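All the letters of the sequence shown, read from the start, carry residue numbers 0 to 289 under numbering that gives the first Met the number 0. By construction, the Cβ of each residue, glycine as well, lies at the ideal position given by its N, Cα and C atoms. All values derive from a computational prediction rather than experimental measurement. Working notes for the structure below.
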Amino acid sequence: MAIDHLPPSGDVTAPLNFYSPPSDNSPPFNLADLPPDSPTPPRNYGSTPVPTLIHDARPNLASFTLDRDSFQILTSQPPPTSEPSLFTSDTSIKTHYYPEITSLLLSTIPNATHILIFDHTIRLPSPSAPRTPVQRVHIDQTALSAAQRVRKHLPPDEADKILSTGTRYRIINVWRPLNDAPLESFPLAFASSASLRDEEVVPVEHRYTQTGYIGQTAAIAHHPDQKWYHLSAMQNTERILLQCFDSEALKENSEVKGGRVAHSAFEDPRTRPEAEGRRSIEVRALVFGP
Numbered sequence: 000m001a002i003d004h005l006p007p008s009g010d011v012t013a014p015l016n017f018y019s020p021p022s023d024n025s026p027p028f029n030l031a032d033l034p035p036d037s038p039t040p041p042r043n044y045g046s047t048p049v050p051t052l053i054h055d056a057r058p059n060l061a062s063f064t065l066d067r068d069s070f071q072i073l074t075s076q077p078p079p080t081s082e083p084s085l086f087t088s089d090t091s092i093k094t095h096y097y098p099e100i101t102s103l104l105l106s107t108i109p110n111a112t113h114i115l116i117f118d119h120t121i122r123l124p125s126p127s128a129p130r131t132p133v134q135r136v137h138i139d140q141t142a143l144s145a146a147q148r149v150r151k152h153l154p155p156d157e158a159d160k161i162l163s164t165g166t167r168y169r170i171i172n173v174w175r176p177l178n179d180a181p182l183e184s185f186p187l188a189f190a191s192s193a194s195l196r197d198e199e200v201v202p203v204e205h206r207y208t209q210t211g212y213i214g215q216t217a218a219i220a221h222h223p224d225q226k227w228y229h230l231s232a233m234q235n236t237e238r239i240l241l242q243c244f245d246s247e248a249l250k251e252n253s254e255v256k257g258g259r260v261a262h263s264a265f266e267d268p269r270t271r272p273e274a275e276g277r278r279s280i281e282v283r284a285l286v287f288g289p
């Protein structure tokens, strides 16, 4: 389609919302399934906006790797299908889009042997949408919750074997915009895992009040040595692989630099007021092997 303006590009400084601990120093938690009109606060911790230099990754796309940065950028992927219901129906997403994600991960992750997709999220710009862009720096999983995912989604014997034998497993979030035009509104920022120290990663209990299930995500404390990136004018034929966990990073003398990518939506001050609101989908998968 024709574009009558140049979308923002290049490095930018913008606020990112980093972890602020609970005032009573209690362990941080999220209440994951509160109804929208609940008077109960959804979390017991806060966030502090910090002006952050966010580098444009586009000039150096091929230089980023999952082992060092825990993110990878892919171009020339299939555009959204013309089927209107594909990204509005969970059934259609699972039927038509999950196989594309499985094929992409098997062909991109060296020596991957098996892909198990366990959920997806559509984010829309309307304040009334079920999910909107998350403007807090976070990681989707921790080592504890990644192991929980293995046990939750695999038969017990298979899960025990993977977790006890050192078989490599990862959780990778495949992220893409759904907008027709290059993305301007609430782009994604992501930090190189090699620049993130373990003490900056704060486990947060993710509590499901209706089922009693407790998982973990991670909030991120700010440090000036963190290296942040965004992909300017991202198109719907591009994908960002966000590696939320890699079991290889837990092994002694591993070459994997942390294996976890902090990320957040952010408000680019260069975004035009008339820019189309962000529509995006993220698909989370367990990736096994070698």
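Could you give the residue range of the beta strand (DSSP E) that holds Thr120?
113 to 122 is the extent of the beta strand (DSSP E) around Thr120.
Output needed for Thr112: all residues of its chain with C-beta closer than 6 angstroms, excluding positions within five of it in sequence on either side, in chain order.
Phe287, Gly288, listed in sequence order.
Could you check where the beta strand (DSSP E) with Asp55 kicks off and where it finishes?
Where Asp55 is concerned, the enclosing beta strand (DSSP E) stretches over 45 to 55.
Give the straight-line distance between the Cα atoms of Ser102 and Ser279, rounded to the nearest whole angstrom.
Each residue's alpha carbon lies about 20 angstroms from the other.
Report the rounded CA-to-CA distance for Ser106 versus Ala261, giving the unit in angstroms.
So the alpha carbons of these two residues sit roughly 24 angstroms apart.
Going by other Cβ atoms of all chains shown within 10 Å of its Cβ, with 16 needed for buried, is Pro83 buried or exposed?
Bear in mind that the predicted position of Pro83 carries a pLDDT of just 49, short of 50, making it unreliable; the figure below should be weighed with that in mind. By the neighbour-count rule (16 or more Cβ atoms within 10 Å), Pro83 is not buried but exposed.
Out of Gln134, Asn43, Phe86, Ser69, point me to the one whose CA is closest to Arg206's CA.
Selected option, being the one with the closest Cα: Asn43.
Three or more C-beta pairs under 8 angstroms: does that hold for the region 45 to 63 against the region 9 to 25?
In short, these stretches touch, since the Cβ pair count reaches three.
Counting only the same chain and skipping the five closest in sequence on each side, list residues whose C-beta sits under 6 angstroms from that of Ser246.
Around Ser246: Arg167, Tyr168.
Indicate the three-state DSSP secondary structure (helix, strand or coil) for Leu187 in the structure shown.
Here Leu187 sits in strand by DSSP.
Kindly list the residues whose CB is nearer than 6 angstroms to the CB of Ser46, restricted to its own chain and excluding five residues on each side of it in sequence; keep chain order.
For Ser46, where only same-chain residues beyond five positions count, the Cβ hits under 6 angstroms are Asn16, Ser19, Arg135.
Would DSSP call Asp179 helix, strand or coil?
In the structure shown, Asp179 sits in coil (DSSP, three-state: anything other than H, G, I, E or B).
Pair every Cβ in the region 191 to 211 with every Cβ in the region 20 to 37, then say whether three or more of these pairs are closer than 8 angstroms.
The answer is yes - the region 20 to 37 touches the region 191 to 211, with three or more Cβ pairs under 8 angstroms.
So for Thr94, helix, strand or coil by DSSP?
Correct three-state label for Thr94: helix.
Along the alpha helix (DSSP H) that carries His229, what are the first and last residues, could you check?
First-last for His229: 227 to 229, but that is the beta strand (DSSP E), not the alpha helix (DSSP H).
Let me check one thing: in DSSP terms, what residues is Val149 bridge-paired to?
Val149 pairs with nothing; no bridge assigned.
With H, G and I counted as helix, E and B as strand and the rest as coil, what does DSSP make of Ile138?
It is a strand residue.
If you compare alpha carbons, which of Pro176, His222, Tyr228 is closest to Ser191?
Taking only the C-alpha atoms, the option nearest Ser191 is Tyr228.
How do the region 195 to 202 and the region 264 to 276 stand: do at least 3 beta-carbon pairs fall below 8 angstroms, yes or no?
No, they do not touch.
Which stretch, first to last residue, makes up the beta strand (DSSP E) that contains Ala264?
Taken as a continuous stretch (DSSP letters only), the beta strand (DSSP E) holding Ala264 covers 262 to 264.
Quick one: what does DSSP say Leu73 is sitting in, helix, strand or coil?
If DSSP states are grouped into helix, strand and coil, Leu73 belongs with the strands.
Give the DSSP-derived three-state secondary structure of Arg169 in the structure shown.
Here Arg169 sits in strand by DSSP.
Using 8 angstroms as the threshold, is the region 235 to 243 in touch with the region 165 to 185, meaning 3 or more CB pairs across them?
Yes, they touch.
Does Ser144 come out as helix, strand or coil in the three-state DSSP assignment?
DSSP places Ser144 in helix when its eight states are reduced to three.
With a 10 Å radius around its C-beta and 16 neighbouring C-beta atoms as the bar for buried, classify Arg277 as buried or exposed.
Buried.
Looking at the unbroken beta strand (DSSP E) that takes in Ala158, where does it start and where does it end?
Taken as a continuous stretch (DSSP letters only), Ala158 belongs to no beta strand (DSSP E), being part of the alpha helix (DSSP H) at 155 to 164.
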